[in-house]
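The numbers in UniProt numbering rise by one with no breaks, and the one at position 67 of the sequence shown is 67.
Reading through the structure tokens given below for one structure.
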Amino acid sequence: MLKDHDSSAIVAVRDLGRARAFYGDVLGLELAEEGTEEGVLVYRTGATRLVVYASNYAGTNRANGVVWGVGGDLEAIVSALEAKGVAFEHYPDIGRLEGNVHVAGGAKLVWLKDPDGNILHLNSM
1 MLKDHDSSAI
11 VAVRDLGRAR
21 AFYGDVLGLE
31 LAEEGTEEGV
41 LVYRTGATRL
51 VVYASNYAGT
61 NRANGVVWGV
71 GGDLEAIVSA
81 LEAKGVAFEH
91 YPDIGRLEGN
101 VHVAGGAKLV
111 WLKDPDGNIL
121 HLNSM
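Below, the structure is given as structure tokens:
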């Protein structure tokens with residue numbers, strides 16, 4: 001039924017201006033379009049889209065909101081985000097920690113939060 005249709009991630013935020021600065025300036029995503037509705041931003045990320053919208057329920061999800069598989073670029077991306085002052089989440093039950101990168105078997109994993117507390121995950125598996 002849905003196997004031939006694209007999907008995209010959607011993230012709720014409280015402050016669209018603050019989200020625009022984070023997703024655009026900090027993460028380096030390119031704004032693909034302002035949504036057709038007020039309070040919606042759509043970013044290009046690889047071959048897909050990330051939809052960011054204003055909601056009073058922003059930041060209430062305690063699981064990964066968006067996941068990027070970044071392959072061998074993980075360390076360079078982490079360094080660039082560290083240089084921009086991004087704080088990374090550390091989970092002691094997941095592998096061993098090397099700087100801000102969790103190493104679990106052959107996987108390298110990092111987590112960070114956007115200004116509303118949405119959990120973003122980058123990995124190299």
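Ideal placement from N, C-alpha and C gives every residue a C-beta, glycine not left out.
Treat the numbers as computed from the prediction; the structure is a model and nothing was measured.
Check: On the three-state DSSP scale, how would you describe LEU27?
Finding: As a working mapping, residue 27 is identified with position 27 in the sequence shown. Residue state, collapsed to three classes: coil.
Next item on the list: Could you tell me the boundaries of the alpha helix (DSSP H) in which VAL17 lies?
Entry: Position 17 of the sequence shown holds residue 17. One point to set straight first is that residue 17 is Gly, not Val, in the sequence displayed. Here the alpha helix (DSSP H) through GLY17 covers 16 to 20.
Check: So ALA19 packs on PRO115, CB below 8 Å; how close in whole Å?
Finding: Here residue 19 corresponds to residue number 19 of the sequence shown, with the count starting at 1. Here residue 115 corresponds to residue number 115 of the sequence shown, with the count starting at 1. Going by Cβ atoms, the distance from ALA19 to PRO115 rounds to 7 Å, so yes, they are a contact pair.
Notebook entry, point to check: When burial is assigned at 16 or more other CB atoms within 10 Å of the CB, is GLY65 buried or exposed?
Noted result: Mapped onto the sequence shown, residue 65 falls at position 65. So GLY65 counts as buried.
Next item on the list: Decide if ASN56 is buried, meaning its Cβ has at least 16 other Cβ atoms within 10 Å, or exposed.
Entry: The residue given as residue 56 occupies position 56 in the sequence shown. When all chains shown are included, ASN56 counts as exposed.
Check: For GLY17, which option in LEU31, SER8, SER7 has the closest C-alpha, if you only look at C-alpha atoms?
Finding: By one-based count along the sequence shown, residue 17 stands at place 17. GLY17 has its Cα closest to that of LEU31, out of LEU31, SER8, SER7.
Next item on the list: Spell out a yes or no on whether the stretch 91 to 103 and the stretch 37 to 52 are touching, meaning 3 or more CB-CB pairs, one atom from each, closer than 8 Å.
Entry: no
Notebook entry, point to check: With DSSP run on the structure shown, which of helix, strand or coil describes LEU74?
Noted result: By 1-based counting over the sequence shown, the position of residue 74 is 74. It is helical.
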